[in-house]
Amino acid sequence: MSKKIFMDIYFEKKRFLIIFFVFLVLLLTYGGVQYQIIKQQTKSVLTPDINLKGKSSQDGVFHYWLYHDVDGLSDALKELYGKDMSVYKTITRNLYYIDDRLTFQSIYYVITGVEDKFFQQELKNSVAKGRLPRSGEKEVVIGPYSAKEYNLGIGDLVNLSVTLEKDIADVEPNQYKVVGILDDNVEQFKSSIMLSIDTYETLNDTKVIENEVLVYFKNNDSINIYKDTISEFTNMIGEYNVGSTSSNFKSNNNKHSNIIINIVMMLVSNFIIVFLLISYLMKGLSKKIGLLKALGLSNRYINKIFVGGLSIVVGGVFVISILLVSLILNAMNNSATSFLGYEMNIYSMDTGVIIYMAGLCLFIIIIKYVLIKLKTYRIYPMEAMVK
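Take the sequence shown: its position 241, counting from 1, is numbered 241 in full-length UniProt numbering, and each next residue is one higher.
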């Protein structure tokens, strides 16, 4: 009897219950996946505010040297910005490049040479395992993607020819030892094998020329200084034959506020939809309660049927949504795994997703409980007949 009252009176028709169920599953699933995507965005660190690279090859081939030299550019930028920004001479050499035109994914596996002070000032808090290279030692720290691609761990010798010269020929492998692996959130260097330019030049008694420059702003004042010196900066791009410039300072500076805005917008939109669903469920409820009272059913029994039945439905929605979110996140990880060629676990179900989804379900049940309880105590059978 309870089931019949819940199905035939509360929802009136079975298809309305199915529509409600499916709609709520889609809402929770979308919110759970969005939560994980937004959370992943918060992890990204060490993306340079400005990244300048030399010109690429005109023949369309990704040579080992990768970019042409921008000799002296880092010194010129250091002079221009002084202590207001951190400017780093960088040398990037190409090991391996893959792309997928169907999914628009691409990745460079590279040798990256940086100054010692870059390790000390920027990377010191981003090592997941091991440590940073010591000055004067043939040591490297590698990104998590490089660790998996080349099957490298702490203490392993890199079975590759590692050099900052433009030509990799005649360079013996197994010269550099892995002493550290970077965090997953170091987006810029996930696929890098990083060594010290200073140590390389000392050990090889040579001087290597930069083909990339990384600029990090120290505070919000750096943005104003950059804007004030934009004409000098633009002149340097032409003078030093810069091939490409990417400015990330706006996205870096607004990252946390944008993420908060995205989360708030997601929550607001979800709660608006939930209120619309609740409004739909309240439609004609007074008459339904009045009719049940006219049949001699108590307030407590009516509450038990309506709220209990809804709790079972919402509980089912919660379980199915959890399963769907897990499947979608696994599919996203499998897509990355298929592209990269090794297992990736970028997105995972965590307590935050479960708390968010459970909170939304509890909100629906609590609101409905309060509204139904108020209705049952205020509505009389005779009243319901004229509604």
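Using N, Cα and C, we set each Cβ at its ideal position, and we do this for glycine too.
Query, Result
"What does the alpha-carbon distance come out to for the pair S246 and M194?", "21 Å"
"Considering only residues of the region 41–124, which uninterrupted beta strand (DSSP E) runs meet the minimum length of 3 residues and lie entirely inside it, listed in chain order?", "50–54, 85–100, 105–114"
"Applying the 10 Å Cβ sphere with the 16-neighbour rule, what's the burial state of P144?", "buried"
"Report yes if the C-beta distance between L66 and T92 is below 7 Å; otherwise report no.", "yes"
"Express the C-alpha separation of Q34 and V314 in angstroms, rounding to a whole number.", "20 Å"
"Between S74, D221, I320, which lies nearest to L214 when the distance is taken from Cα to Cα?", "S74"
"By DSSP, does S244 sit in helix, in strand, or in coil?", "strand"
"May I ask you to report which of helix, strand or coil DSSP gives M282?", "helix"
"Looking only at C-alpha atoms, which of T351, L281, N333, S335 sits nearest to Y369?", "L281"
"In chain order, what residues of the same chain lie with their CB nearer than 8 Å to the CB of Y356, ignoring the 5 residues before and after it?", "G31, G32, Y35"
"In terms of alpha-carbon separation, which member of N125, L160, I98, F233 lies closest to F339?", "I98"
"State buried or exposed for K53, treating a residue as buried only when at least 16 other CB atoms are found within 10 Å of its CB.", "buried"
"Between the C-alpha atoms of T112 and E232, what's the straight-line distance to the nearest angstrom?", "28 Å"
"If you compare alpha carbons, which of L327, K129, Q120 is closest to N345?", "L327"
"If you follow the alpha helix (DSSP H) that K218 is part of, which residue opens it and which one closes it?", "That residue, K218, is in no alpha helix (DSSP H); it is neither H nor E in DSSP."
"Are there 16 or more other CB atoms within 10 angstroms of the CB of D211, so buried, or fewer, so exposed?", "The sequence shown places Asn at residue 211, rather than the Asp named in the question. By the 10 Å Cβ count, N211 comes out buried."
"Rounded to the nearest angstrom, how far is the Cβ of T47 from that of E187, given a contact under 8 Å?", "6 Å"
"Taking just the CA atoms, how far does L182 sit from E122?", "12 Å"
"Which runs of the alpha helix (DSSP H) spanning at least 4 residues fall entirely within the region 184–221, listed in chain order?", "197–204"
"Would you say I168 and V274 are within 7 Å of each other, going by their C-beta atoms?", "no"
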